[in-house]
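Numbering (my numbering), first residue to last: 423 to 748. Virtual Cβ for every residue (Gly too), placed ideally from N, Cα, C. Report on one structure; see the data block that follows.
Take a look at the structure:
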């Protein structure tokens, strides 16, 4: 062969041609110099994708978790591998799930989120108490639920319609977002609150009896955006996946680098978009099938035992993934 500006990965036990080694070294050194020159804008000759931030390339056919990742979230664009109560992706508020009430204001769904909008002197709440409710009391044992949202003074609450307890105040502003993870202990009636990967506090919801619905409360002039509500509980089995796709050369290997916040993920890669092989983190992986539509898919089995103390987080979570290819 001849020396090219490309990545190669010799197979195990194979003695690679010198040109293969020179080509790979040239590729790495050339792109290092190009990065120094212009920050990978014009002259760098490689592909480098950071996910989930570039979520516009999500392969919906191989994705079961929410593809509507909020943009540029504080602490990272995290993907939770769990079932979802609502992903707000059909431009219409599901009134079978959500009950809206208040003095003025509006509740709408658009662009991958539910918007609770109020003006001065108005207030509005939205509660998961419809005909297909989200009720912590109706799920088996301990429950973990996750919410991505933004607001300057939005309240996340637990209510039965008459008694209400605030479990988080959303104060990241309307242009930023935050990820909340709530772990409910069904025996102690405590909810452990996490925000952007950091433990905050516990909340006692024992006064909320019979039903425990989620309520979003916008008490003043603000835009309260909720991007999704996901959850895991005992007895909810299955596997959830998240997959991205990109176009590259038919023989390009993939350097995979990813980090989880919680749990274990299984990464697989495909060279033709349909045949997947198990990939290894932090090394260069060959694709076994040729093609120009490459895919990287992450999978996780649903957690069915929910541990619920101040140190427990259960839902597997992808914090970021970087791909490097020619």
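Which of helix, strand or coil DSSP assigns to residue 443: When DSSP states are grouped into helix, strand and coil, residue 443 belongs to the helix group.
Nearest-angstrom Cβ-Cβ length linking residue 640 and residue 576, presumed shorter than 8 Å: Taking the Cβ atoms as the reference, residue 640 lies roughly 6 Å from residue 576, within the contact range of under 8 Å.
Given residue 521 as reference, the closest of 550, 541, 528 once Cα atoms are compared: Nearest option by C-alpha distance: 550.
Residue 586 vs residue 579 beta-carbon contact at 8 Å: Contact annotation: residue 586 and residue 579 have beta-carbon atoms nearer than 8 Å.
Coarse secondary structure for residue 498, derived from DSSP in three states: Bear in mind that a pLDDT of 49 at residue 498, under 50, signals an unreliable position, so the number given afterwards is only what the model happens to contain. Residue state, collapsed to three classes: coil.
Whole beta strand (DSSP E) elements within the stretch 653 to 706, 3-residue minimum: Along the stretch 653 to 706, the beta strand (DSSP E) occurs as fully enclosed runs of 3 or more residues at 661 to 669, 676 to 684, 688 to 692, listed in sequence order.
Inter-residue spacing [alpha-carbon to alpha-carbon] between residue 510 and residue 429: Separation of residue 510 and residue 429 (C-alpha to C-alpha, rounded to the nearest whole angstrom) is 41 Å.
Neighbourhood of residue 629 by C-beta distance below 8 Å, restricted to the same chain and skipping five residues each side: Closer than 8 Å at the Cβ level, and outside the excluded window around residue 629, lie 585, 587.
Under 8 Å between C-beta atoms of residue 556 and residue 636: Contact flag set, yes.
Supposed contact pair residue 654 and residue 687 - C-beta distance, whole angstroms, cut 8 Å: With a beta-carbon spacing of about 15 Å, residue 687 and residue 654 fall beyond the 8 Å limit used to define contacts.
Alpha carbon of residue 590 to alpha carbon of residue 615, nearest angstrom: Taking the straight line from one Cα to the other gives about 8 Å.
Residue 636: first and last residue of the uninterrupted beta strand (DSSP E) it sits in: Start and end: 635 to 640.
Status (buried if at least 16 other CB within 10 Å, exposed otherwise) for residue 712: With a threshold of 16 other beta carbon atoms within 10 Å, residue 712 falls short and is exposed.
Cβ pair count under 8 Å reaching 3, the stretch 703 to 718 against the stretch 730 to 737: Touching, no, given that fewer than three Cβ pairs across the two stretches are closer than 8 Å.
Best match in 632, 726, 440, 500 for proximity to residue 559 [C-alpha to C-alpha]: Nearest C-alpha to residue 559: 632.
Limits of the beta strand (DSSP E) - the one that residue 544 falls within: No beta strand (DSSP E) holds residue 544; DSSP gives it neither H nor E.
Cβ-Cβ distance between residue 527 and residue 538 below 8 Å: One thing to note: residue 527 has its Cβ within 8 Å of the Cβ of residue 538.
Exposed unless 16 or more other CB atoms sit within 10 angstroms - verdict on residue 450: Per the 10 Å Cβ criterion, exposed.
Residue 531: first and last residue of the uninterrupted beta strand (DSSP E) it sits in: That run of the beta strand (DSSP E) goes 528 to 532.
Between the CA atoms of residue 530 and residue 671 - distance to the nearest angstrom: Cα-Cα distance, rounded: 43 Å.
Close Cβ partners of residue 621 (< 8 Å) along its chain, the five nearest in sequence each way excluded: Around residue 621: 614, 615, 732, 733.
DSSP three-state assignment for residue 479, whether helix, strand or coil: In this structure, residue 479 counts as helix in the three-state DSSP scheme.
Between the CA atoms of residue 745 and residue 516 - distance to the nearest angstrom: When rounded, the distance between both Cα atoms is 37 Å.
Cβ pair residue 651, residue 747 closer than 8 Å: No; because the gap between Cβ atoms is not below 8 Å, this pair is not in contact.
Residue 725 and residue 638 closer than 8 Å at C-beta: No, the pair does not count as a contact, with Cβ atoms beyond the cut-off.
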